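Colleague: Pasting in a structure now, in structure tokens, and then I'll have a few things to ask.
Protein chains: 2
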Amino acid sequence: MIKVAILGFGTVGSGVVEVMTKNADKIARNAANEIQLKYILDVRDFPGNPYAPLLVKDFSVIENDPEVQVVVETIGGTGVAYDFTKRCLLAGKNVVTSNKELVASHGCELLSIARRQNLNYLFEASVGGGIPIIRPISQCLAANEIYEVYGILNGTTNYILTQMIKIGLPFETALRQAQEMGYAEQDPTADIEGHDACRKICILASLSFGRHIYPDQVPTQGIRDLDLIDVEYAKSMGCKIKLLGRAVHLPDGKAACYVAPHLVEAGSLLWNVEDVFNGIMVRGNAIGDVMFYGAGAGKLPTASAVVADVIDCAKHLSARKYLDWEEGGAQSSADPAQLVSRWYARVPKSVDAAALFGDVKCLSTENARPDETAFITTQGVSGTEISEKLKAANAKAAFRIL
Amino acid sequence: MIKVAILGFGTVGSGVVEVMTKNADKIARNAANEIQLKYILDVRDFPGNPYAPLLVKDFSVIENDPEVQVVVETIGGTGVAYDFTKRCLLAGKNVVTSNKELVASHGCELLSIARRQNLNYLFEASVGGGIPIIRPISQCLAANEIYEVYGILNGTTNYILTQMIKIGLPFETALRQAQEMGYAEQDPTADIEGHDACRKICILASLSFGRHIYPDQVPTQGIRDLDLIDVEYAKSMGCKIKLLGRAVHLPDGKAACYVAPHLVEAGSLLWNVEDVFNGIMVRGNAIGDVMFYGAGAGKLPTASAVVADVIDCAKHLSARKYLDWEEGGAQSSADPAQLVSRWYARVPKSVDAAALFGDVKCLSTENARPDETAFITTQGVSGTEISEKLKAANAKAAFRIL
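Those protein sequence lines, which keep their order, are chains A and B. The first sequence begins at 874 in the working numbering and counts up by one. The second sequence begins at 874 in the working numbering and counts up by one.
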């Protein structure tokens, strides 16, 4: 019998309880052991809730109970979640989390404490919600050198973009709709500014390339300023605008990571990743391209990934999963502006696009603005090179094409 | 130091050697141990091959060497591969394989020997080549009851279908081209008759639902008789014809499995799975739909999955992976004809399709044959019901729509 405590009885925490209850048989069979919930930590009261008897308000009850072998942290953020996670590991308890912000900011440190304590710190649910991605990268692709990871990592912005593309809603209207549907929070900053995708690409890059990449090393552009006209131009060439996180392993061993809107072509598998779904591509030297797709958020999908990690802890109480990476720093990160792509841009008509950007293909749509030229470059250009020219040309928008 | 033997120095076997050599650093780091190849078993000679000194012709050398802890079986088939696998397990050696035929036919027995011996029998490479799918289902989705698994499981037929759809090649020409490209074997029966996809859906169903499903329990239809006119009709309604394997977990606990061509609609992620690629969808009660995509065959992708299993064995020499299922039989399998879908069919014009099949939508294409009606049913109909009617109507073709 494995005793578990959950820290935080919010959306994910209560989802974990729901999955553990609903699929108890399957879970016990897979864990080859019964998993029993002993405590739920939350500062709030939940009168009438069937799990109310398990509620505690004092973390030290859990910390000091040697029976608790696995702790699920679903508090979120880097405040008490960080403190409690450390204390759980130091008290000899395995920790499972869905907290991407904490893993992106302190993953390396927490993994190294877990290593010294011979414990597991698992976070399958931190990227892609319920989509299996952390374990496939760390185990199934263990025989590959990974070149690149990229994808649609944030369901909220993908939902907003899907509405803009399919129905032609302007950004603000699509955002309001996402909020009404419960897909966007009342303060949607972390999603629409790209911070959430940034944390996830940090985790994927750290795991794939072996050195910690921190959020402040990842230039991040969201979708708040996205103009419907760019959506239309993209459509006119069979593309969709998608917010991608991308991490490229350069030949010198450094990682170039960023988050930005891209034009995605119709042949790409990401093209059909719509609404709140996520799609993550991984490129390895033996496997080639693999993609993982599914619900990137939501109570039950995320909870199912958390519970899978709890099962894994239960099966490996005496054997550590080799989920690990080394400390990073300036020497392990490179400026993504050096990456070469084809580009889409929109500049004032007074600019001679061909003279400035080389061979370009001009685009048109029904609602084209008379004072602007929209075009794509036919050759790859680095971000550094195009930025200077775009600045000189007073560009309205510019996105990489993938 | 973990010593490994490879049985069979063919495409996959030599790929395993290539990946182990090329990515030795990454592999040692992930295995937290050096992995050394000690023997390669093959009846052939490979003069001048740098690995010739490791070649042995007598299996008992490997069987009787206590230093060998992991054996890679890439012989294929159910003859000596079955015998050698059993003897390796009985001799206390972990076994890793890419042999789908053996796992589909004898997986339950071999897993139970491994269990009794406290050893691992791993086969990530048996389905989807290098695509992570076995471990994600058994571990990452361990907290889910899985309802359904389906997908494009055979790269050869998907390549042929892609050529038929994109270029309008007839089946025989597309097959010859696939053979010239090395994507189809000289005897392509196992691929084009659907046997290969059948073995893979057996493995996926056994793993997902917990009881062994054998190939003879899976009605299997290939693509040999596929007519270009059906490809055209499919196109006219925005669909593509894809060969799918499908396994549905019925409410009574039985599995209904089959392999057949389907019409796949444009919104489906499988729609963009082209050429030799595979795409596998898994539907769970907590996670919803997840898809796994990548190179479903090929030397290095398949080898990379084999080597990942070797690494996993090396890390779990004293801890079994809980990859297991129970024996199956007539009581665990159900007739897939009871599954309800919308259908596409083509019948003689003399048949009153609407009278026979209920509300239908008639299709047209440029090359429509004057004596035929092609239509889709607008409502779901079971396979049992439609089969009788199609027989009565002397149907030319009928496929489910997914």
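Think of the CB as a built atom: it goes at the ideal place given N, C-alpha and C, for glycine as much as any other residue. This structure is a prediction, so every number in the text was calculated from the model and none was measured.
Listing by chain order, which chain B residues have their CB less than 8 Å from the CB of G1126 of chain A?
Modeller: What G1126 of chain A touches in chain B: nothing, since even the nearest Cβ is about 12 Å away.
Colleague: Using C-beta distances below 7 Å, list every residue in its chain close to N903 of chain B, excluding the 5 sequence neighbours before and after it, in chain order.
Modeller: Result list for N903 of chain B: I1184, in chain order.
Colleague: What did DSSP end up calling A1271 of chain B once you bin it into helix, strand or coil?
Modeller: In the structure shown, A1271 of chain B sits in a strand (DSSP, three-state: E or B).
Colleague: Against chain A, which members of the region 991-1016 of chain B pass a CB distance test of less than 7 Å?
Modeller: Listed by position, the residues of the region 991-1016 of chain B near chain A (Cβ gap below 7 Å) are E997, G1003, I1004, P1005, R1008, P1009, Q1012, C1013, L1014, A1015 and A1016.
Colleague: Would you please verify whether the beta carbon of L1142 of chain B is less than 8 Å from any beta carbon of chain A?
Modeller: Yes, its Cβ sits closer than 8 Å to a Cβ of chain A.
Colleague: So, for E1105 of chain A: in the same chain, excluding its five sequence neighbours on each side, which residues have a beta-carbon less than 7 Å away from its beta-carbon?
Modeller: Here the set comprises T1238 and N1240.
Colleague: Looking at C-beta atoms only, is the number of pairs between the region 965-985 of chain B and the region 1148-1155 of chain A that lie closer than 8 Å three or more?
Modeller: Verdict: no, contact absent.
Colleague: In chain order, what residues of the same chain have a beta carbon less than 6 Å from the beta carbon of L995 of chain B, not counting five sequence neighbours either side?
Modeller: Answer for L995 of chain B: V969 and D1182, listed in chain order.
Colleague: Considering Cα atoms alone, identify which of A:L1229, A:A964, A:R1273 and A:D1197 is closest to E1261 of chain A.
Modeller: Closest option to E1261 of chain A, Cα to Cα, is A:L1229.
Colleague: Smallest Cα separation from P923 of chain A: which of A:K930, A:D931, A:F932 and A:I913?
Modeller: Closest by alpha carbon: A:I913.
Colleague: Quick one: what does DSSP say H1085 of chain B is sitting in, helix, strand or coil?
Modeller: Three-state DSSP puts H1085 of chain B in coil, outside helix and strand.
Colleague: In chain A, which residues lie less than 8 Å from K899 of chain B when you measure between Cβ atoms?
Modeller: Near K899 of chain B (Cβ distances below 8 Å), the residues of chain A are A1015, A1016, N1017 and E1018.
Colleague: Do three or more CB pairs link the region 1014-1027 of chain B to the region 1065-1081 of chain B at distances below 8 Å?
Modeller: Judged by Cβ distances under 8 Å, the region 1014-1027 of chain B makes contact with the region 1065-1081 of chain B, as three or more pairs qualify.
Colleague: Does any residue of chain A have a CB that is nearer than 8 Å to the CB of Y1166 of chain B?
Modeller: Yes, because at least one Cβ of chain A sits closer than 8 Å to the Cβ of Y1166 of chain B.
Colleague: Suppose you measure from the CA of H1135 of chain B to the CA of G1253 of chain B; what does that come to, to the nearest Å?
Modeller: Rounded to whole angstroms, H1135 of chain B to G1253 of chain B spans 14 Å at the Cα level.
Colleague: Assuming contact is defined by CB atoms lying nearer than 8 Å, are C1130 of chain A and I1065 of chain A in contact in what I supplied?
Modeller: No, they are not a contact pair.
Colleague: Between the region 986-993 of chain A and the region 1185-1198 of chain A, do at least 3 Cβ pairs fall closer than 8 Å?
Modeller: Yes: at least three Cβ pairs fall under 8 Å.
Colleague: Quick one: which chain B residues come within Cβ less than 8 Å of S1177 of chain A?
Modeller: Ordered by position in chain B, the residues that pass the 8 Å Cβ test against S1177 of chain A are L1014, A1016, N1017, G1157, A1159 and I1160.
Colleague: The beta strand (DSSP E) spanning N967 of chain B covers which residue range?
Modeller: Per DSSP, N967 of chain B belongs to the beta strand (DSSP E) from N967 to T970.
Colleague: In the DSSP assignment, find the unbroken beta strand (DSSP E) run with H1135 of chain A in it and report its ends.
Modeller: Residues A1128 to E1138.
Colleague: Does the contact criterion of 3 or more C-beta pairs under 8 Å hold for the region 939-953 of chain B versus the region 1047-1055 of chain B?
Modeller: With the cut-off at 8 Å, the region 939-953 of chain B and the region 1047-1055 of chain B do not touch.
Colleague: Could you have a look at Y924 of chain B and say whether DSSP puts it in helix, strand or coil?
Modeller: Three-state result, Y924 of chain B: coil.
Colleague: Roughly how many whole angstroms lie between the Cα atoms of V1132 of chain A and D915 of chain A?
Modeller: The straight-line gap from Cα to Cα measures roughly 34 Å.
Colleague: In the structure shown, what three-state DSSP assignment does N1145 of chain A receive?
Modeller: The answer is helix: DSSP assigns N1145 of chain A an H, G or I state.
Colleague: Would you say Q909 of chain B and V944 of chain B are within 8 Å of each other, going by their C-beta atoms?
Modeller: Cβ atoms of Q909 of chain B and V944 of chain B: not closer than 8 Å.
Colleague: Leaving aside the five residues before and after I1006 of chain B along the sequence, list all residues of the same chain whose C-beta is less than 6 Å from its C-beta, in chain order.
Modeller: Correct list, in chain order: V1000, I1153 and F1165.
Colleague: Taking the straight line between their C-alpha atoms, what separation do you get for T1029 of chain A and D1244 of chain A?
Modeller: Rounded to the nearest angstrom, the two C-alpha atoms are 33 Å apart.
Colleague: Would N1158 of chain A and E1018 of chain A qualify as a contact pair, given that the criterion is a beta-carbon distance under 8 Å?
Modeller: Their beta carbons are under 8 Å apart, which means N1158 of chain A touches E1018 of chain A by this criterion.
Colleague: Can you pull the chain B residues whose beta carbon is under 7 Å from the beta carbon of A987 of chain A, in chain order?
Modeller: Near A987 of chain A there are no residues of chain B at all, since even the closest Cβ is about 15 Å away, more than 7 Å.
Colleague: Using a Cβ cut-off of 8 Å (strictly closer), state whether A1203 of chain A contacts chain B.
Modeller: No, no contact with chain B.
Colleague: Quick one: grab the DSSP three-state call for D931 of chain B.
Modeller: Looking at D931 of chain B - three-state DSSP - the assignment turns out to be coil, as it is neither helix nor strand.
Colleague: With the cut-off set at 8 Å, would you say A987 of chain B and L962 of chain B are in Cβ contact?
Modeller: Against a cut-off of 8 Å, the Cβ pair of L962 of chain B and A987 of chain B comes out as a contact.
Colleague: Beta-carbon of V1163 of chain A versus every beta-carbon of chain B: anything under 8 Å?
Modeller: Chain B contact via Cβ: present.
Colleague: Taking a Cβ distance cut-off of 7 Å, strictly less, list which residues of the region 885-911 of chain A are near chain B, in chain order.
Modeller: Cβ contacts with chain B: V892, N896, K899, I900, N903 and A905.
Colleague: Please report the straight-line C-alpha distance between G1118 of chain B and G965 of chain B, rounded to a whole angstrom.
Modeller: Each residue's alpha carbon lies about 35 Å from the other.
Colleague: For the alpha helix (DSSP H) that contains D1185 of chain B, what are its first and last residues?
Modeller: K1172 to K1188 is the span of the alpha helix (DSSP H), which, as asked, contains D1185 of chain B.
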